[in-house]
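Just so we're aligned: 304 in the numbering used here is position 304 of the sequence shown, and the numbers increase by one with no gaps anywhere.
Every residue gets a Cβ at the ideal spot worked out from N, C-alpha and C, and that includes glycine.
Remember, it's a predicted structure, so these values are computed and weren't measured experimentally.
Structure first, then comments.
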Amino acid sequence: MKQDLLRSPHVLLGAALVVSALGGLGACQGDGDEAAPEAFVAPGRCVYTSPITQAEECRDYTGTGWTAEAAEADCQALQGGTFAAGELCTYPQALGRCVLGGGTEDEYSIVLPGDDTSQCAATQRGCETFGGGQFEPDACKGVTGETGGSGIGTGGAVFQWPEQVCVDPKEGEPAGQSDGKVCTFGTISACTEPGRLFTDYASCEPVLTQRPYWPAPPSDFKTPSDDPRLSDPEWLGELAWVTEQTEACGCVCCHSEKAAPATGTSNWYIEAGPVWTDSFYPTGLALAAGWVSSAALGAYPADQNNGFSRDTAGLPTTDPARMIAFFEGELERRGYTKEDFADMTPFGGPIHEQSLYEPSDCAAGEGVDAAGKITWVGGDARYVYVLSAESANPGAPPNLDLPEGTIWRLDVPWRAEPVKSGITYGEVLPNTKQGYPAQGSPEELVPGTKYYLYVWADVGIPITRCLFEVSP
């Protein structure tokens with residue numbers, strides 16, 4: 001059962017590199033007086049299509065624990081994966097390779113073909129910041145230090161900040177709850193009013209800039225045709241209610257055939273029949289039931305989200321207890337218990353990992369100097385934070401991006417060009433805005449006091465995170 005959990009694409013969502021869910025198998029050990037084992041020979045390579053970029057990548061299985069069988073199984077789980085035994089990834093030109101699990105039995109390398117060095121910074125960031133690997137440049141050697149301006153969203157789109165739009169209700173629908181209008185935030189974590197369709201009141205275009213989307217196959221679980229639930233009016237009524245709740249929320253932008261990009265839905269989707277929740281993998285059901293935390297993904301409070309909340313259930317809902325009960329039932333009928341997910345890492349991928357980051361002192365030259373000049377490394381930025389040294393790390397909007405301890409934040413709107421290192425603390429440049437404080441100037445920095453410089457290339461893409469003191 002645990003292998004089924006690990007193979008679920010839901011384990012992979014949120015990461016910019018898809019880390020293999022199949023562990024390497026330890027080599028057999030013989031008696032001490034036997035001859036030394038032969039040198040390890042990599043079992044083969046896998047050419048596949050990246051779910052993030054939709055470009056070709058190649059995977060070398062370099063850890064000593066990989067067998068040909070395990071490597072081929074891993075390859076078959078990748079999009080369009082083609083395994084070639086006894087071969088290595090070879091290209092005339094490659095940006096470099098991303099080594100994951102370096103030095104372990106499970107080590108493997110992702111070779112990234114091409115010579116477009118404008119992609120080097122994003123490639124290195126995807127490997128190291130999102131994938132947790134080590135980037136070894138080839139064509140990128142010496143040109144990996146700048147970000148290139150790519151964003152967190154689908155296809156490298158820059159994060160579009162959620163905006164609330166209030167419009168008249170669709171013809172034939174009742175008056176809205178806001179002086180007759182229907183008000184909806186255009187974001188993945190938002191919902192329109194219950195009983196209405198999210199896509200009638202908000203666009204999915206900005207939603208797809210707020211997460212890296214890619215198409216992914218649904219679970220192959222199917223409810224048997226003779227299952228009594230299919231003829232149980234009470235259960236079917238609960239399924240209809242869950243469907244209505246889901247259709248009111250931004251989830252449909254990736255999980256509905258009517259709203260998702262033409263390349264297809266991502267994992268579960270609401271048109272799957274006859275029971276669309278069959279298309280969830282077990283891990284997705286555990287998220288929906290609140291058995292595994294997804295708090296790192298961010299959420300609105302109910303009073304700002306048409307009564308929908310996501311603080312206990314993983315899917316936004318106006319009735320958390322009812323939503324949780326339904327998905328716990330779905331898990332139960334597949335034979336899962338809460339204990340099966342007890343050791344599972346919370347959802348959020350790199351966003352969750354960033355919340356755990358512990359900063360160290362800035363390198364020489366980084367930080368804010370006595371004149372207020374802010375210096376960082378890693379390229380141009382869209383969000384520059386100065387925080388108290390004890391502050392939590394900034395996280396996903398709408399509720400985690402201004403942690404307690406924020407002293408100042410400069411924002412660059414998505415249509416504008418990002419700013420370069422060297423801006424002045426408290427100064428709002430043309431085509432930028434002050435994200436915090438809401439009004440007035442930030443507090444003066446006190447010489448000798450330690451502060452936290454946190455810089456995003458885009459939401460969720462940190463390029464500098466370090467502690468500094470202002471010199472007297």
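Practice task
Go through its chain and collect everything with a Cβ distance to Lys181's Cβ below 7 Å, but skip five positions before and after it.
Solution key: Cys166, Val167 and Asp168
Exercise for the section: Could you tell me how far apart the beta carbons of Ser189 and Asp278 are, in whole angstroms, since I believe they sit closer than 8 Å? Expected result: Not quite, the Cβ-Cβ distance comes to about 25 Å (not below 8 Å), so this is no contact.
Handout entry: Straight-line gap, Ala71 to Trp235 (C-alpha atoms, nearest Å)
Key = Distance from the CA of Ala71 to the CA of Trp235, rounded to the nearest whole angstrom, comes to 42 Å.
Exercise for the section: Tell me whether Asp116 is buried or exposed, calling it buried when 16 or more other Cβ atoms sit within 10 Å of its Cβ. Expected result: exposed
Problem - Three or more C-beta pairs below 8 Å linking the stretch 373-383 and the stretch 411-420 - result: The stretch 373-383, when compared against the stretch 411-420, does touch it at the 8 Å Cβ threshold.
Problem - Within 7 Å, strictly: CB atoms of Thr62 and Glu128 - result: no
Exercise for the section: Name, in chain order, the residues that DSSP records as bridge partners for Pro462. Expected result: Beta-bridge partners of Pro462 (DSSP): Trp456.
Exercise for the section: Starting from the Cα of Glu238, find the closest Cα among Thr187, Glu257, Thr154 and Phe327 and give me that residue. Expected result: Phe327
Practice task
Please report the Cβ distance between Gly44 and Ala68, rounded to the nearest whole angstrom; I am assuming they are in contact, meaning their Cβ atoms lie under 8 Å.
Solution key: The pair is a contact, with the Cβ atoms about 6 Å apart (cut-off 8 Å).
Problem - Option in Arg211, Gly365 and Gln177 with minimal Cα separation from Gly422 - result: Gly365
Handout entry: Gln439 versus Phe185 - alpha carbon distance
Key = Straight-line Cα distance between these residues: approximately 23 Å.
Handout entry: Proximity to Leu112 [Cα-Cα], best of Ala175, Val143 and Val47
Key = Distance from the Cα of Leu112 is smallest, within the candidate group Ala175, Val143 and Val47, for Val47.
Exercise for the section: Return the bridge partner residues of Gln434 from the DSSP annotation. Expected result: Leu410
Practice task
Count the other CB atoms, across all protein chains shown, that sit within 10 Å of the CB of Pro282; report buried if there are 16 or more and exposed otherwise.
Solution key: Its Cβ being crowded by 16 or more others within 10 Å, Pro282 is buried.
Practice task
For Ser109, name the three-state secondary structure that DSSP assigns.
Solution key: strand
Handout entry: Cβ neighbours of Thr82 in the same chain (closer than 8 Å, five flanking residues each side left out)
Key = Cys46, Val47, Tyr48 and Cys75
Exercise for the section: Would you mind stating whether Leu470 and Thr464 have Cβ atoms separated by less than 7 Å? Expected result: The sequence as given places Val at residue 470; Leu does not occur at that position. One thing to note: Val470 has its Cβ no nearer than 7 Å to the Cβ of Thr464.
Problem - Beta-carbon contacts of Gln134 that lie in its chain and below 6 Å, excluding the five residues immediately before and after - result: Val99 and Gly102
Problem - Buried or exposed (CB count within 10 angstroms, at least 16 for buried), Ala286 - result: buried
Practice task
Measure the C-alpha to C-alpha separation of Val389 and Tyr451 and round it to an integer number of angstroms.
Solution key: A small correction: the amino acid at residue 389 is Ala; Val does not occupy that position in the sequence shown. Near 4 Å, if we compare the C-alpha coordinates of Tyr451 and Ala389.
Exercise for the section: Counting only the same chain and skipping the five closest in sequence on each side, list residues whose C-beta sits under 7 Å from that of Lys170. Expected result: The residues Asp200, in chain order, have a CB closer than 7 Å to that of Lys170 in the same chain once the five nearest residues on each side in sequence are set aside.
Handout entry: Alpha-carbon spacing of Tyr425 relative to Asn393, whole angstroms
Key = For Tyr425 and Asn393, the gap between their C-alpha atoms comes out near 19 Å.
Handout entry: For Thr184, the first and last residue of its enclosing alpha helix (DSSP H)
Key = Run containing Thr184: none in the alpha helix (DSSP H); it sits in the beta strand (DSSP E), Val182 to Phe185.
Handout entry: Backbone secondary structure at Gln164 - three-state DSSP
Key = strand
Problem - Other residues of its chain near Ala259: CB distance less than 7 Å, five sequence neighbours each side excluded - result: Answer for Ala259: Thr199, Cys204, Val252 and Cys253, listed in chain order.
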